[in-house]
Every structure is written in C-alpha cells, then in structure tokens.
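Mind the numbering: the sequence shown is residues 4 to 189 in our numbering, read in order. Beta carbons: idealized from backbone N, C-alpha and C, even for Gly.
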Amino acid sequence: MRDVATAFQPVTRNSAFSRHTMVGPMSDRINDFAEYHRNLPHWQQPGALHFLTLNLYDRSLCDLTRPQIAPVVIDALRFFHGERYTLFDYTVMPDHAHLLMEPARDGEGWFPLSRITHSIKSWTANRINAVLGRQGQFWQEETYDHIVRDRNDLRLLTDYIWMNPVRARLVERPHDWPWWGRGDGR
C-alpha cells in the first residue's frame with residue numbers, strides 16, 4: 004500500500020487554480036491546497052490521492068453496467084492511467100462510477116482534476132452516446148472529489164469502492180462484481 008504521508012507535497016502554481024495563503028499551525032498543510040470553482044468549490048492537493056465520483060446527468064439515460072457500456076468507462080479510466088494520473092481502485096455502478104487516483108505531473112506541476120475529469124467524461128460520453136444512438140449531455144457537470152487524508156481514510160475509501168455493489172444489492176459478494184478493478188498503481 005502506498006504511503007499516503009508522501010502525498011502531501013508543495014503545489015506548483017497553475018493558472019487553473021487559486022492559492023490561498025494562511026497563517027497559523029495548519030498553514031503549512033493548507034497553503035499547499037489549490038481550489039477551483041464551478042458551482043461548488045473543488046480542492047486539489049497536488050501529489051495527494053483523490054477519490055472521485057462521476058454521476059450520470061440523468062439516471063434514466065442508461066445503465067452503465069450494461070455489457071456494451073461498462074467496458075467503455077473502464078477503458079477510459081485505464082487509458083489515462085500513467086499519463087494523467089495513477090489509477091488505484093475503481094468501480095462502475097448503474098448510474099455512477101468511483102475511482103481512486105493520484106494526478107500525475109505535467110509540464111508545469113500536476114494535472115488538474117478538472118482536466119482529468121473532463122477527459123474521462125468527454126471521451127466516455129462521445130462513445131456511449133454513439134452506442135446509444137443519442138446526443139447531448141451524459142454526465143453531470145460537477146464531480147464529487149475528496150482528498151485522501153490518511154491511511155484510515157484510504158482504507159475506508161477502498162472498502163467503499165469494493166463494497167459499493169454489495170451495499171447496492173447488485174451482488175452478494177464483491178468478488179462477483181465484474182465492473183470493479185484495480186489499476187496498476189498498487
């Protein structure tokens with residue numbers, strides 16, 4: 004398992020983010036965070052592990068676990084592994100997908116989460132819309148993102164990804180879920 008303590012590294016200035024300067028006991032950790040806004044604030048700590056959830060725009064659009072759909076999502080997650088991020092765990096559910104990843108370095112710092120999620124959503128939306136014979140928005144604009152804070156948080160999130168199909172009563176045992184996987188990050 005990756006040592007999450009090494010995930011807290013200084014941020015390199017990137018135009019997509021704004022830096023916040025704070026003083027006091029938490030300032031060393033807080034000053035490394037970058038923030039960007041859509042409708043909600045999104046925080047990124049370059050070099051940290053991030054848990055992301057991508058949700059369908061409309062649950063009635065399709066079931067992401069259909070045999071002709073789920074591989075498209077998984078292929079996209081794996082395609083960007085090693086290029087824009089390191090992929091750890093993922094699962095595809097009927098109306099959403101979870102992934103645990105660490106952004107990779109780009110030429111000037113770290114790949115922004117906004118760029119990563121845009122790539123995944125754009126690529127999958129184009130292909131899945133073609134399979135479904137439709138056009139239009141496929142994913143919700145916002146993505147839920149969570150910075151992994153420590154080893155316990157990492158354990159809780161990997162368990163959440165692993166057990167999500169069981170809790171949703173889609174399978175009895177997590178090993179039976181065909182749309183779970185582990186990237187090469189572990």
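Cα-Cα separation between residue i and residue j, rounded to whole angstroms
i, j, result
"Phe113", "Tyr163", "Sequence inspection shows Trp at residue 113; the Phe mentioned does not correspond to that position. Distance between the alpha carbons of Trp113 and Tyr163 is about 26 Å."
"Thr56", "Asp148", "7 Å"
"Gln158", "Leu103", "First, the amino acid is wrong: residue 158 is Arg here, not Gln. Cα-Cα distance, rounded: 11 Å."
"Ile123", "Asn129", "10 Å"
"Gln71", "Asp78", "12 Å"
"Asp156", "Leu135", "37 Å"
"Arg81", "Pro74", "10 Å"
"His99", "Tyr60", "10 Å"
"Cys65", "Asn132", "10 Å"
"Ala107", "Gly85", "7 Å"
"Val3", "Asn167", "Given that the chain is displayed from residue 4 to residue 189, the structure contains no residue 3 and the question cannot be resolved."
"Phe83", "Arg154", "25 Å"
"Arg176", "Phe141", "30 Å"
"Trp183", "Ser125", "21 Å"
Three-state secondary structure assigned by DSSP to residue i
i, result
"Arg152", "coil"
"Leu67", "coil"
"Leu173", "coil"
"Val158", "One point to set straight first is that residue 158 is Arg, not Val, in the sequence displayed. Looking at Arg158 - three-state DSSP - the assignment turns out to be helix."
"Arg108", "strand"
"Trp180", "coil"
Pair within 9 Å by beta-carbon distance, residue i and residue j
i, j, result
"Thr68", "Pro97", "yes"
"Phe91", "Glu105", "yes"
"Tyr93", "His101", "yes"
"Trp180", "Leu173", "yes"
"Asn58", "Gln138", "no"
"Val151", "Phe54", "yes"
"Thr146", "Leu116", "yes"
Paired residues, beta bridge with residue i - DSSP
i, result
"Phe54", "Leu103, His149"
"Asp92", "Arg185"
"His84", "Tyr88"
Where residue i falls, given that 16 or more other Cβ within 10 Å makes a residue buried
i, result
"Gln48", "buried"
"Val76", "buried"
"His178", "exposed"
"Gly186", "buried"
"Ala51", "buried"
Residue i Cβ short of 8 Å to the ligand MG heavy atom set
i, result
"Leu57", "The model depicted lacks the ligand MG and carries no ligand whatsoever."
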